[in-house]
Structure formats: C-alpha cells, structure tokens
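Read through the structure below, which is laid out as structure tokens, and then see the notes.
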Ligand code: DP6
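Residue numbers (the numbering used here): 6 to 325.
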C-alpha cells in the first residue's frame with residue numbers, strides 16, 4: 006500500500022488561463038506545453054488503515070495548506086472509502102513561485118496513489134484526475150511536447166512529439182523565490198469575472214494552438230517563439246486588465262525580457278514565456294543555452310539561473 010512516483014513541471018507555450026467548469030476544474034481553452042527534465046517532484050504515498058487522517062509533508066515540513074486538495078485528489082484516484090494516507094513530497098526547486106510546482110506535484114501524486122492502491126487507471130484517466138486537482142498537472146503525465154484539448158465533457162491529452170524528437174533547452178531565471186500573492190486558481194476566476202479582454206483571449210486561442218502545433222511539427226523555433234510570446238503577453242494583458250489588476254512581474258522580469266530581445270536582435274533563436282509568477286523561462290537550442298544563461302545571469306536582480314532539457318512523463322520510481 007505504498008508507492009513513490011516522480012514528475013517534472015511543464016511550461017505552457019500556449020497557456021491555459023480560465024475555466025469552463027470550475028466545479029470539475031475543466032479548462033476554458035486548450036494548451037500546449039513542454040515537460041522539463043531536471044526540476045523534479047517525488048511523491049511518496051502510503052495508505053495505512055491505522056491512520057485516522059491524511060498527513061502531508063512538503064520538503065520536510067508538515068503542510069496543512071495543501072492537505073484538503075491532496076485528500077480530494079487521493080479520493081478521486083482510490084475512492085472515498087480508501088484508507089487514510091501519509092503523503093511525502095520533495096521538490097528540488099522553489100514551490101508556489103510560478104514554476105508549476107503544482108503540476109509536477111499532482112502528476113506525481115496520482116501516479117503514486119494509483120500504484121499504492123493498485124487501482125490500475127490508464128494514463129489518460131490519471132491525466133484527467135490530475136487535471137481535476139490542477140489543470141496544468143494533466144500535461145505532466147506526458148513527456149516532451151504535450152497538447153491538452155477540450156474533448157466533450159473531459160480533457161484529452163496527446164504527445165505531439167518527444168523530447169528526443171526536438172530537444173530544446175529551457176533556461177529559467179528566478180527573479181524572486183518567495184510564494185506568489187495570488188494563486189492561479191483565484192487569478193483565473195478574477196480574470197473571467199472582470200477582464201474586458203477575457204472573451205477575446207478565449208476566442209483567439211484555437212488560432213494560437215494551430216500555429217504552435219504546426220511550428221512544432223516543422224521544428225521551427227522562430228515561428229514557435231513568435232506565437233508563444235504573443236500568447237504569453239496576451240494572457241498577462243488579460244490579468245493586467247482585471248479588477249483588481251494582477252501583475253505578477255517585477256522589474257527584473259522585464260529586464261530579463263529585454264535581455265532576451267537583445268539576444269534575438271543579435272541573431273540567437275530564443276524566446277521567453279512567463280507564467281503566473283515573476284520567473285522568466287527562455288527557450289532555445291541546447292547549443293545556445295550557455296550564452297542565454299550568461300545573458301540572464303548578468304541581469305541585475307536575477308537570483309539564480311537554471312538550465313534544463315526536456316524530459317518524460319510522470320512515472321513510478323523505487324521507494325527508498
Ligand atoms: C499560467 O494549473 O495552476 O501556468 O487548475 O486552478 O490549479 P488550477 O491552475 P494551474 O494554472 C496554470 C496557469 C499557467 C498556464 C499554464 O500552465 O497553462
């Protein structure tokens with residue numbers, strides 16, 4: 006009744022922002038992401054009849070804030086009448102800071118819970134259950150380039166190509182490592198309820214998905230970069246236009262964006278994306294990753310720069 010699983014965060018190039026059904030946590034738009042290799046979350050789940058309630062430990066400290074969400078996710082995998090569980094989560098990167106830690110956490114959680122309870126769900130079913138816990142987590146069940154589509158009253162995941170098919174590098178610039186002020190869940194609802202740009206955002210998403218899918222099929226980084234930056238800046242415009250406005254960037258985020266623009270002007274094929282946090286992710290060819298890293302390290306205020314390749318989906322690992 007015990008199993009461990011590992012998953013990596015994914016970074017959306019065409020973003021999920023908005024829900025069509027908040028009860029079931031169904032996204033209002035499709036999205037396309039890349040799964041990272043070196044930022045990892047390991048989840049250990051142990052179902053134990055002797056426990057009177059679930060427990061959650063995150064990076065060595067007990068975490069009550071996430072416990073209810075974790076318990077609901079365990080119920081969805083192993084059923085309401087399951088034994089209580091001790092859940093231990095370890096991540097090798099800052100959590101809740103816009104690095105998609107909930108994606109790797111819930112992807113690893115559903116895989117570990119499924120193995121610990123021997124429920125035998127398919128990967129698609131596990132993706133759907135991870136998505137109910139956190140929309141972006143569904144994509145971390147798969148590696149490489151992943152598309153999430155709205156399909157009837159559920160989501161459908163597909164791998165567009167593997168990390169080996171097109172091994173791009175991701176250079177992550179950490180500009181502030183503390184937890185963010187507003188969660189994505191809350192920020193999305195505020196956007197839907199108050200932003201005058203929200204409906205246009207939804208209406209244009211399919212065109213961005215088509216362009217990104219075709220750029221990935223052609224392994225064309227310039228076209229992929231153009232549509233990914235456009236999609237990212239549109240998502241942030243929806244947030245800036247909300248009431249209250251939600252600005253996740255800081256001055257260093259903008260300075261990093263300028264550093265990427267300078268690299269582009271000098272002929273380096275690189276593009277940026279930013280999620281609901283102040284970190285900037287630059288995507289480039291592995292052979293340019295060193296130069297991109299140096300450029301971002303030179304930006305005043307950058308705390309840390311990490312380079313990672315692309316990796317595989319969530320999987321069971323030996324529990325030690
Ligand atoms: C900006 O998946 O964290 O990273 O479903 O409410 O848990 P919930 O939201 P979450 O939102 C991710 C938003 C994003 C874009 C993306 O990953 O597609």
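Quick reminder that beta carbons are idealized off the backbone N, C-alpha and C, glycines included.
Quick check: the Cα distance between residue i and residue j, rounded to an integer number of angstroms?
| i | j | result |
| --- | --- | --- |
| residue 116 | residue 134 | 10 angstroms |
| residue 44 | residue 13 | 6 angstroms |
| residue 265 | residue 280 | 16 angstroms |
| residue 267 | residue 301 | 11 angstroms |
| residue 173 | residue 58 | 43 angstroms |
| residue 262 | residue 229 | 17 angstroms |
| residue 83 | residue 142 | 18 angstroms |
| residue 136 | residue 312 | 27 angstroms |
| residue 308 | residue 46 | 21 angstroms |
| residue 89 | residue 61 | 11 angstroms |
| residue 81 | residue 110 | 15 angstroms |
| residue 206 | residue 64 | 37 angstroms |
| residue 34 | residue 288 | 23 angstroms |
| residue 94 | residue 71 | 11 angstroms |
| residue 36 | residue 54 | 39 angstroms |
| residue 277 | residue 18 | 9 angstroms |
| residue 25 | residue 32 | 5 angstroms |
| residue 216 | residue 274 | 18 angstroms |
| residue 304 | residue 260 | 7 angstroms |
| residue 271 | residue 127 | 47 angstroms |
| residue 255 | residue 282 | 9 angstroms |
| residue 73 | residue 138 | 11 angstroms |
| residue 182 | residue 69 | 21 angstroms |
At what residues does the alpha helix (DSSP H) containing residue i begin and finish?
| i | result |
| --- | --- |
| residue 39 | Run containing residue 39: none in the alpha helix (DSSP H); it sits in the beta strand (DSSP E), 36 to 40. |
| residue 197 | 189 to 199 |
| residue 133 | 128 to 138 |
| residue 114 | 106 to 121 |
What are the boundary residues of the beta strand (DSSP E) that includes residue i?
| i | result |
| --- | --- |
| residue 213 | Residue 213 -> not in any beta strand (DSSP E); alpha helix (DSSP H) instead, spanning 203 to 222. |
| residue 309 | 309 to 313 |
| residue 1 | Nothing can be reported for residue 1: it is not among the residues displayed for the chain, which extend from 6 to 325. |
| residue 62 | 60 to 63 |
| residue 94 | 90 to 96 |
| residue 174 | 174 to 179 |
| residue 18 | 15 to 19 |
So, with DSSP's three-state summary, where would you put residue i?
| i | result |
| --- | --- |
| residue 236 | helix |
| residue 164 | strand |
| residue 10 | strand |
| residue 26 | strand |
| residue 251 | coil |
| residue 142 | helix |
| residue 227 | helix |
| residue 3 | Residue 3 lies beyond the residue range present for the chain, which begins at 6 and ends at 325; the question has no answer from this structure. |
| residue 81 | helix |
| residue 153 | strand |
| residue 33 | coil |
| residue 73 | helix |
Please report the Cβ distance between residue i and residue j, rounded to the nearest whole angstrom; I am assuming they are in contact, meaning their Cβ atoms lie under 8 angstroms.
| i | j | result |
| --- | --- | --- |
| residue 49 | residue 324 | 6 angstroms |
| residue 321 | residue 122 | With a Cβ gap of about 12 angstroms, residue 321 and residue 122 do not count as contacting. |
| residue 38 | residue 144 | 5 angstroms |
| residue 177 | residue 297 | Contact flag wrong, Cβ pair sits at about 11 angstroms. |
| residue 23 | residue 193 | 5 angstroms |
| residue 384 | residue 232 | Residue numbering for the chain in the displayed model covers 6 to 325; residue 384 lies beyond these limits and cannot be assessed. |
| residue 15 | residue 108 | 6 angstroms |
| residue 221 | residue 146 | The Cβ separation is near 18 angstroms, so there is no contact. |
| residue 148 | residue 317 | 3 angstroms |
| residue 129 | residue 162 | 7 angstroms |
Item checked: Those runs of the alpha helix (DSSP H) which lie wholly inside the region 243 to 308 and span at least 4 residues -> Qualifying alpha helix (DSSP H) stretches, in chain order: 256 to 270 and 294 to 302.
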